Amino acid sequence: MIQHDLKRWLKPSQVLRQFCCALWLFTAALSGTALHAAQTNTKLTFTLSVFEDASAQRSTNDITKTDLQQQFRLLPSSHLSAGYSRSAFWLRIEIAPASTALPDKLFIELDYPLLQYIELYQVSGSDNSPSIMYLGRGGSAIPIQQRVLPGTVHYFPITPADSVGYYLLRVVSSTSISIPVEIITAQQREDKIQKKYLWSGFVIGVLLLLILYNAFVALLARQKGNAIYLCFLAAILAIFISITGIGNMYLWPDNGPNMLWTIPVSLHIISISSYFFALAYFHKHTLPPTLVNGLKYLAVLSVLLLLLTGLLSYKTAVLLAVLNTLCMVFILFGVALWVYARTSFSDGLFLLGRTFVLTGGGIQFLKTYGYIPAYPATEYILFIGAILEGLVLSAGLALKTGKLEEEKELAQRNLLISKEASLAAMAAANSQLAREIAEREQAERVQKTLFNISELSTGDADMHTFLKEVHQSLSALMFARNFYVAFYNKQQRVIQFPYIADEMDTDLPAPDDIISEDTLQGSWTLWILQHGEALFGDVENIVSKTGLPPRFGSIAKYWLGLPLFNEQQVYGVLCLQIYDDQPSYTEDEIRLLEYVSRHISQALQRKQYRAQLEAQVKQRTHAYRESLKQLEAINEQLSLTDQQKQQHLEQVKALLDNAGQGFLTCNELLQLEPDYSKECLNIFNRTQLSGEIVRLLVPDNIPLQELYTEVFSEVFNPEQPATMVSTYLSLLPTELTINEQSCQVQYKKISDKQIMVILSDISEHKKLQQALLKQQEQSNFIVYALIHASEVRETLMALQQFVDKHCIVNSDVKALSHPTKHWIELYRDVHTFKGILAQINCPGIPELLHKLEDQLQLIIRQDTHVTTPHRYDFNFNEVAGKLAEVIDLLKQHLGAHFFKQEKTLPVSVSLIKQLHTALVGQGNTVLANALLQLQFKTLKEALSTHFSTTERLASQHGKILHNVVYQGDEIFLDTHLYQPLFNVLVHLFRNAVDHGIETPEERIASGKPAEARILCIAKIDANQLSISISDDGRGIAVDNVKEQALRRGILDDSSLDSLSNEEALQLIFSEDLSTKSEITELSGRGMGLAAVKNQCNQFSASIRVSSTLGKGARFDISLPLQQGTYFIDTSII
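As structure tokens, then:
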């Protein structure tokens, strides 16, 4: 019924009737307009003059002045039209006296466009003192909140014509100006209002009904797109009618609200509805995804612009709305054109309807902004466009309905074709389903076989029975009457056949027979075991692949052998044979058998492991039973009564309480058990012990608590072997400090749920041990001092002078000109004294100097001028006190005269000096100099201490060093003069041991002998002493030196890149540079070589280093000797 009515209402005749009705209404509106226009003939005339105020700064008082009145320009018509923007115009209206009587009330009509501001003034009186009266204002440029105020009008009332004066109209516009001016009567004013609003409201009402009718028809025709669009359009018209009050002539024209803001809002709503319409209407045309997304984004953009309209100025809001609407029209015009080109004529009707709106919208835009006169015809064009759009859309719906029958027949044909195709597809699907069912059944059989094999591997059956069950399961999948399995022991080179099933051969090896690999040479089974590859096919294929003819048993028509792997090692073969006319195995069956063979291999491994495990269990069970019998025998022998056991326990407790040791036990929860010895109370200084044993042993050491907890947890693990228990317990500390007492700790697991901790107080033992070590150090020092008395005495006296010099309580560091240099010099001296004192085995002092070095290094790095000497005096005072103890120790054991002895030769030094003085007085200088040379020492003797110390250091650090070799001249030197330089050479020898020489293992690995060598060569040439000290160690890494120099800020990247390797090596003499990453007693501070360099500078000597990586390093020193301070023993030369 609905479809029948729909066809009737959508007939072309009905559409034509709708169009004629709308056209008649429009003609009636125009006729009424013409009728009223004929009645608007007035006999009142006026003239218009205009004055342009470009600055828009002129006031009414300025304009009424005579000089400016003369600048007004007379207009030839009653219409002001100007093409300016952002300008102000003063329009003067002078009304000529009427020849006949006129009505009492006249109006100036101003049909102004948008975006203008108009003010009307009446000027009367004389030119010298005019009277100016403000009449009102109008225009869209007035703020929205002021438009409801009185005086905001379209029609300005004027006095009768016999009044003296004129009217001034001030116009401020942001666009081009087009203002028609007309003098009308009250009746003419009412007619214009009726024409403009009443008939417009009637036409719009009819249009609204037509739109609603088409929306209803679109819904019945299931044209969702058209229905959406028409409903939106109807809503816009209803809102516009209800707000503006079109049809009521007294609502808006004089003093009603100015609802111009409905214009941008309506335009945005039209854009939004149009985008939704296009998306719904054109979806069946399969628009490109990019175009669909673009339309969606444009609809979202229109919604955002609608929401922002109230935040913008009216001018900006209208411009954005108009531009958005025009963009929408052009975009949808293009979409409709694209659809029209691809589809039928009925779909192109939308294109025609949009063309009408596009034309009317353009005219309205030009009229709104003053580019064309504001004639009512422009609005009627818009109405016609809207009506035509509705009619065109209705025609489109009618044409679309006419095609429904054709589409229905086409749908029936397509349904028939689809039905036949569905039947064919169903047949194919049934066939595919049958195949899938067969494959699934096969898969289920395979899964069941694999499950059976897995279940059999965990059973108690022996290997032969297990393989027999596997053979039966495999027969359910494929032909497998002839089946055997072979195991291969590669180490023993033997093969075993635990299962064979063969319908042709009877002379087969038993499951327990062990067959040598040589016996099966040339067989296909052994070939698979040796090559680890599958072998299958008929006799010809196998012979062509292996080159081996069949050797054992009957010849099979088809033979298939697969290797069995254990961790990528072949340990067996699974073989199937076909003797009769059974079909050969297909590729799918071979792949399936390979898959099954892997599971069989895993099952065999589990079976073998299970057999091995059962054998171990039986063996251990037997051993356990034997041990149990032994224990029972022991228990029978050691069985005691309860009273005897209690007495035994009391005796054991008494023994533990009086053993002088603390015995603690803890359970699995690490809780202390109450059975502990009395000595524990003394050790922990408590009256009672309880809680967690870990917190009792190390209460303040969290890392140790975690270590105890982790180790005890592993020890209590019941699966932990006994060997691992002792290993874990060895990780725990064997000494602890408890209540400032040193305790030796032992740990024993006495049961599966108990661990005993034994504490022994060794405080006295530690004190005694430290005392013995101190006494041993003192003894070694005394022996060294006895052998090297002169060296020890000179070193201690030099240290005494050094300490006395710097141990000044009230020293003023501020008085120093270079404090930082002072600290560096002091640092070098302390570093040198530490090395020399360590060399002579001096007890205690080297350690104090090492601490002092740390403080001095901190002061130097902070670059702070310390002005309070107590920051380092305490350490020097401590050194002074320790030095006094060392001196007293030597005096106690070697006598007080030890420090009063002079250097003696066969002739005393004082006597030599006396003789020298006497000889000089006699003029015998040659003999006098010879006497002085008696107290000279050889260079080798001066460096001998360094030699012995170097050998000792190497031994202490696990390095093998041959005796330091000295080569060169036998040079006698005034050691009193050159001894400071010789002292600092200790750093070269110590660095050779610490940096240069490798461990024996490293040397052997690099192709060197385990024994390292250090060579010292001395020569004199023309008063120049050359000393070369070299080693055959690892050498100096130049890159490491550069990296340390860059990190220490000694040089920057550009300076380092310009250095050669030889020049970069010399950087090791820089202060605070060391190639070692940590500081040790031997080296690492970067001061040793700096001290050598500094001392060489003081003697005007030069030092250079050369090195070959992996072969060693060499230091060359060239020292200029003063005349008379040396001589060479030529007898040795």
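Going by mature numbering (1 follows the signal peptide of the UniProt record, and there is no 0), the letters in the sequence shown line up with residues -37 to -1, 1 to 1096, in that order. All C-beta atoms, glycine included, are put in the ideal place defined by N, C-alpha and C. Since the model is a prediction, treat every value here as computed from it, not as a measurement.
Please identify the residue among 520, 939 and 538 whose C-alpha is closest to the C-alpha of residue 545.
The shortest Cα separation from residue 545 among 520, 939 and 538 belongs to 520.
Evaluate residue 572 with the Cβ neighbour count: other Cβ atoms within 10 Å of its Cβ, from every protein chain shown; 16 or more gives buried, anything less gives exposed.
The residue is exposed, with fewer than 16 neighbouring Cβ atoms inside 10 Å.
State yes or no: is the C-beta of residue 516 within less than 9 Å of the C-beta of residue 465?
Closer than 9 Å, so yes.
Taking residue 53 as the reference, which of 100, 131, 92 and 28 has the closest Cα?
For residue 53, the nearest C-alpha among the options comes from 131.
Would residue 581 pass as an interface residue toward chain C - the criterion being a Cβ-Cβ separation below 9 Å?
This model lacks chain C altogether, as it is built from one protein chain only.
For residue 796, which residues does DSSP report across the bridge?
Looking at the DSSP assignment, residue 796 forms no beta bridge with any residue, so it has no partner.
Can you have a look at residue -16 and say buried or exposed, based on whether 16 or more other CB atoms are within 10 angstroms of its CB?
Low confidence applies to residue -16: its pLDDT is 46, below 50, so where it sits in the model is not reliable enough to give any reading.
Beta-carbon separation of residue 909 and residue 927 under 9 Å?
Their beta carbons are under 9 Å apart, which means residue 909 touches residue 927 by this criterion.
Which residues in the same chain have their Cβ closer than 6 Å to the Cβ of residue 339, if we skip the five residues on either side of it in sequence?
In this prediction, residue 339 has a pLDDT of 49, which is less than 50 and means its spatial position is unreliable; nothing more can be read from the coordinates.
Going by beta carbon distance, what residues of the same chain come within less than 6 Å of residue 280, once the five residues before and after it are set aside?
Excluding positions up to five away in sequence, the list reads 227 and 272.
Please return the same chain residues whose Cβ sits closer than 7 Å to the Cβ of residue 805, not counting the five positions on each side in sequence.
744 and 849, listed in sequence order.
Would a C-beta distance cut-off of 9 Å place residue 1021 and residue 1080 closer than the cut-off?
It is not a contact, given that the beta carbons lie outside the stated cut-off.
Give me the Cα-Cα distance between residue 1104 and residue 380, rounded to the nearest whole angstrom.
Not covered by the structure: residue 1104. The range shown for the chain is -37 to 1096.
Provide the residue(s) that pair with residue 979 in DSSP beta bridges, ordered along the chain.
DSSP, once it has assigned bridges, lists 929 and 992 as partnering residue 979.
I'd like the ranges of any alpha helix (DSSP H) spanning at least 4 consecutive residues and lying wholly in the segment 666 to 706.
Correct list: 685 to 692.
Assuming residue 994 and residue 959 form a contact by the criterion Cβ under 8 Å, report the distance between their Cβ atoms to the nearest whole angstrom.
Indeed, because the Cβ distance is near 4 Å, the residues count as touching under 8 Å.
Does DSSP classify residue 530 as helix, strand or coil?
In the structure shown, residue 530 sits in coil (DSSP, three-state: anything other than H, G, I, E or B).
Give the range of the beta strand (DSSP E) segment to which residue 760 is assigned.
Unbroken run through residue 760 is the alpha helix (DSSP H), 752 to 769; no beta strand (DSSP E).
Hey, residue 670 and residue 633: beta-carbon distance below 9 Å or not?
No, they are not a contact pair.
Rounded to whole angstroms, what's the CA-CA distance from residue 251 to residue 382? Just pull it up for me.
Cα-Cα distance, rounded: 31 Å.
If you pair each beta-carbon of the segment 965 to 985 with each one of the segment 1010 to 1017, do three or more pairs fall below 8 Å?
No: the two stretches stay apart, fewer than three of their Cβ pairs being nearer than 8 Å.
Along the chain, where does the beta strand (DSSP E) containing residue 643 start, and where does it finish?
First-last for residue 643: 642 to 647, but that is the alpha helix (DSSP H), not the beta strand (DSSP E).
I'd like to confirm the pairing. Which residues does DSSP put opposite residue 392 in its beta bridges?
DSSP output for residue 392 lists no bridge partner at all.
What does the alpha-carbon distance come out to for the pair residue 552 and residue 457?
Approximately 31 Å between the Cα atoms of the pair.
When DSSP labels each residue in this structure, what does residue 633 get in the three-state scheme?
Residue 633: coil per DSSP, three-state reduction.
Would you grab the beta carbon distance between residue 446 and residue 434 for me? Rounded to a whole angstrom, and I think it's under 8 Å.
5 Å between Cβ atoms; contact.
Could you give the residue range of the alpha helix (DSSP H) that holds residue 912?
Counting along the chain, the alpha helix (DSSP H) containing residue 912 begins and ends at 902 to 919.
For residue 802, does the count of other Cβ atoms within 10 angstroms reach 16, so buried, or fall short, so exposed?
Counting Cβ neighbours within 10 Å, residue 802 comes out buried, since at least 16 surround it.
Kindly indicate which residue of 506, 146 and 565 has the alpha-carbon position closest to the one of residue 534.
Residue 565 is the option with its Cα nearest to residue 534.
Please report how far the alpha carbon of residue 561 lies from the alpha carbon of residue 527, in whole angstroms.
C-alpha separation (whole angstroms): 7 Å.
Note down, in chain order, each residue of its chain lying with its Cβ closer than 7 Å to the Cβ of residue 920, except the 5 sequence neighbours on either side.
Closer than 7 Å at the Cβ level, and outside the excluded window around residue 920, lie 956.
So, with DSSP's three-state summary, where would you put residue 469?
Coil, per DSSP.
If you check the beta carbons only, do residue 55 and residue 12 fall under 9 Å apart?
Yes.
Let me check understanding here. Comparing Cα to Cα, which of 487, 492 and 662 lies closest to residue 499?
Nearest of 487, 492 and 662 to residue 499, Cα basis: 487.
Let's test the definition: count the other Cβ atoms within 10 Å of the Cβ of residue 935 and tell me whether it reaches 16, buried, or not, exposed.
Result: buried.
Can you tell me whether residue 741 is buried or exposed, with buried defined as 16 or more other CB within 10 angstroms of its CB?
Buried.
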